[in-house]
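Step one of this worksheet: look at the structure below.
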Amino acid sequence: MTAYRHPLIRLLDRTSLVVQILIGLIAGVLLAQFLPQAALSVGFLGGVFVSALKAVAPVLVFVLVTASIANHQRDQQTHMRPILVLYLLGTFSAALIAVLASFAFPSSLALVSNGAELAPPGGIGEVLRTLLLNVVDNPINALLRGNFIGILAWAIGLGLALRHAAPASKQLLADLSAGVTSIVKLVIRLAPLGIFGLVAATLAESGMGALLDYLHLLLVLVGCMLFVALVVNPLIVFGKIRRNPYPLVLTCLRESGLTAFFTRSSAANIPVNLQLCQRLGLHQETYSVSIPLGATINMAGAAITISVLTLAAVHTLGIAVDLPSALLLSLLAAISACGASGVAGGSLLLIPLACSLFGIPNEVAMQVVAVGFIIGIIQDSAETALNSSTDVLFTAAACLARDEAAVAVAAPQP
């Protein structure tokens, strides 16, 4: 006997989550346009959704990575090295594209230098020191603050230690991982309501007028991100899987990039990416590590943001810089930004460091950060969509290449 289910529940089950999110998006735009006060009042829905994702993501990563490593069989391989290579190659390529675009289409900002003297560059050592301290952070504190570098370090260490635990202990970890995953699935089902609230409140509060003053800068930023997402990344994936990459690229952009665009947090999108990897049939022992790792080190969008905004400041102040120096800036900024893109607007916090490499004083650099927050309605959303969707894309490419290589080896030779 089949249990009765409300027609609305059946309709939701038959409608894909992406379609539901698009409906929420359109409804949010219409509400902000015609009833702005009501749109502001529903903003709490978006806040609840993002808070729920951020709350569950650290626990999920810690439990999933620990359980995956603890239950790892000795004859299995996680094959993380190819994914790390893809992450580094993608970030380097994005930095190169951003530098070339900044030289081809230089942007200007409204900055007030107040005659401040340009100081020598410095500060990268402090950033690297902070990263090292994040690795050895107290695990409870790391979970509370969403410090994913510390969470990964403790999860990997604890998982390795528990590989020699009793089978019952390993099964407990597996059951705990399944339980947290079920909670995550429930949170993700709330995405349409969350997107509705986020879009309605953002458009009602800020509108699009604030973006017009920086339209050229936005075009350069978003243009670079689109070029990386639709040209550079497919070329990298094609080099890995040797077939048409666009079905996989578009799937990742649609299923992962869309939610990341509105949550504006790579960390909050980790549960979405893990579920997508499961639907794609990827290896859990691989994606359970590569996805949270990608949320902290796969920084293509952040490399573009830091490079373009810093070079815009350099151009505005009339500082002479050659192409190799600008590329060095991008690479240093991207490396230093590890972990900063887990939260909304994280890459903007690295702009003063990047500006200091050209001797731009902090009071001027903070004006560049302010510009970043003004255009962040689009910039940060597009950056996070690129960062997060690329985590799944490169993980899937590495897993597919691995499976095809295994099939080729197993096939009988003529």
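So for the sequence shown, our numbering puts the first residue at 5; every next one is plus one.
Ideal Cβ positions, reconstructed from N, Cα and C, are used throughout, including at glycine.
Buried/exposed call for residue i, threshold 16 Cβ in 10 Å
| i | result |
| --- | --- |
| Arg268 | buried |
| Leu252 | buried |
| Glu367 | exposed |
| Ala172 | exposed |
| Asp384 | buried |
| Ile144 | exposed |
| Tyr250 | exposed |
| Leu177 | buried |
| Asp1 | The first residue shown for the chain is 5 and the last is 418, placing residue 1 beyond what the model contains. |
| Gly183 | exposed |
| Asp326 | exposed |
| Pro296 | buried |
| Val54 | buried |
| Ala108 | exposed |
| Gly161 | exposed |
| Ala61 | buried |
| Phe3 | Within the shown structure, residues of the chain are numbered from 5 to 418, placing residue 3 beyond reach of any answer. |
| Val396 | buried |
| Ala120 | Bear in mind that a pLDDT of 43 at Ala120, under 50, signals an unreliable position, so the model cannot answer this. |
| Val232 | buried |
| Leu190 | exposed |
| Val103 | buried |
| Gly150 | buried |
| Val235 | exposed |
| Ser329 | exposed |
| Gly298 | buried |
| Ala170 | exposed |
| Leu137 | exposed |
| Leu230 | exposed |
| Leu219 | exposed |
Residue i, enclosing alpha helix (DSSP H) - first and last residue
| i | result |
| --- | --- |
| Gly51 | Gly47 to Ala74 |
| Arg283 | Ile274 to Arg283 |
| Ala316 | Ala304 to Thr320 |
| Asp179 | Pro171 to Arg193 |
| Phe152 | Phe152 to Ala165 |
| Ser112 | Neither: Ser112 is in no alpha helix (DSSP H) and is coded neither H nor E. |
| Leu428 | Limits of the chain in this structure are 5 at one end and 418 at the other, which puts residue 428 out of reach. |
| Ile301 | Gln288 to Ile301 |
6 Å Cβ shell around residue i - same chain, five flanking residues per side excluded
| i | result |
| --- | --- |
| Ala208 | Ala36, Pro40, Ala43 and Leu44 |
| Leu29 | Ile199 and Val203 |
| Leu68 | Ser181 and Ser292 |
| Val46 | Gly201 and Ala204 |
| Ala105 | Val224 and Cys228 |
| Leu90 | Phe398 |
| Ala159 | Phe66, Val69 and Thr70 |
| Leu352 | Val373 and Gly376 |
| Leu166 | Ala74 |
| Ala98 | Val232, Ala304, Ala307 and Ile308 |
| Glu408 | none |
| Asp141 | Asn151 and Gly154 |
Close-in-space but distant-in-sequence residues of the same chain around residue i (CB under 7 Å, 5 per side omitted)
| i | result |
| --- | --- |
| Cys403 | Leu286, His287 and Thr290 |
| Leu1 | For the chain, the structure presents residues 5 to 418; residue 1 sits outside this window and is missing. |
| Leu221 | Ser111, Ala316 and Ile379 |
| Leu49 | Leu197, Gly198, Phe200 and Gly201 |
| Val276 | Ile192, Ser260 and Thr263 |
| Phe242 | Pro249 |
| Ser186 | none |
| Leu93 | Ile240 |
| Thr394 | Gly94, Asn237, Asn302 and Ala304 |
Whole-number beta carbon distance between residue j and residue i, since they are thought to touch under 8 Å
| i | j | result |
| --- | --- | --- |
| Ile323 | Phe362 | 6 Å |
| Leu64 | Val188 | 6 Å |
| Gly305 | Leu390 | 4 Å |
| Ile27 | Ser294 | Not confirmed; about 32 Å, so no contact. |
| Lys174 | Asn302 | The Cβ separation is near 29 Å, so there is no contact. |
| Asn273 | Ser392 | 4 Å |
| Ile427 | Thr206 | Any answer about residue 427 is impossible in this case: the structure gives the chain only from 5 up to 418. |
| Ala386 | Phe266 | The Cβ separation is near 11 Å, so there is no contact. |
| Cys401 | Ile245 | Correcting the residue identity first, residue 401 is Ala in this sequence and not Cys. At roughly 6 Å, the Cβ-Cβ gap stays under 8 Å, so Ala401 and Ile245 are in contact. |
Own chain, CB closer than 8 Å to residue i, minus 5 neighbours either side, in chain order
| i | result |
| --- | --- |
| Val139 | Ile153, Gly154 and Ala157 |
| Gly346 | Residue confidence is low: Gly346 scores 47 on pLDDT, short of 50, so the model does not pin down where it sits. No coordinate-derived value is stated. |
* To do: Could I get the ranges of all uninterrupted alpha helix (DSSP H) runs contained in the stretch 220–283, with 4 residues as the minimum, in chain order?
  => 237–245, 250–256, 262–267 and 274–283
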